[in-house]
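Engineer: Numbering (my numbering), first residue to last: 1 to 130.
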Amino acid sequence: MTNTKETLENYGIVASFDLESIQGKLKALNAKNGAGASLKDIEDGFSFTVTDVMQYKETVDTYGKQQEAVVSALFATDGLVYSSISETVSNVVSDLVEILKDESIDQVTVKVVKRNSKQGQEFINLSVTA
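#1: Run through the DSSP bridge pairs and tell me what S84 is partnered with.
#2: Quick test of the definition: if touching needs 3 or more C-beta pairs under 8 Å, does the region 96-104 touch the region 27-34?
#3: Which class does Q107 belong to by DSSP, given the choice of helix, strand or coil?
#4: Just curious, the beta strand (DSSP E) that G36 is in, first and last residue?
#5: Thinking just about the alpha-carbon of each residue, which of L74, Q55, S16 is nearest to the one in G36?
#6: Go through its chain and collect everything with a Cβ distance to Q67's Cβ below 6 Å, but skip five positions before and after it.
This is how it looks when you write it as structure tokens:
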């Protein structure tokens, strides 16, 4: 297994698919241009089937402050790209990059799990099954 976090740090993008092919370039382009849905807007418990994942660095506006974030994009069989800048989602997607690349798995089922911290902030996690 390659080190996904190191590759993301060095190149700014990682994916479970070939980023050099025209299909891969178009898939990455669509994900970066917001062709999908934000996981923060998805209901707790919603499940979807994922065939590929990608992570890339982007500068985002968080409460009026510019900061660099890792965007995690999940390509689903329903044609949508679900994305998030959540750190907990990023950790799961980082592992999924390697699993979908290295294992003989064509797709996984992902369930959105939302919880509240002690401070009342909502955070998102993902539960994954083959």
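In this text, a Cβ means the ideal position worked out from N, Cα and C, and glycines have one as well. All values derive from a computational prediction rather than experimental measurement.
Structural biologist: According to the data block:
#1: S72
#2: no
#3: When secondary structure is reduced to three states using DSSP, Q107 falls in the coil class, being assigned neither helix nor strand.
#4: 36-38
#5: L74
#6: Answer for Q67: no residue qualifies.
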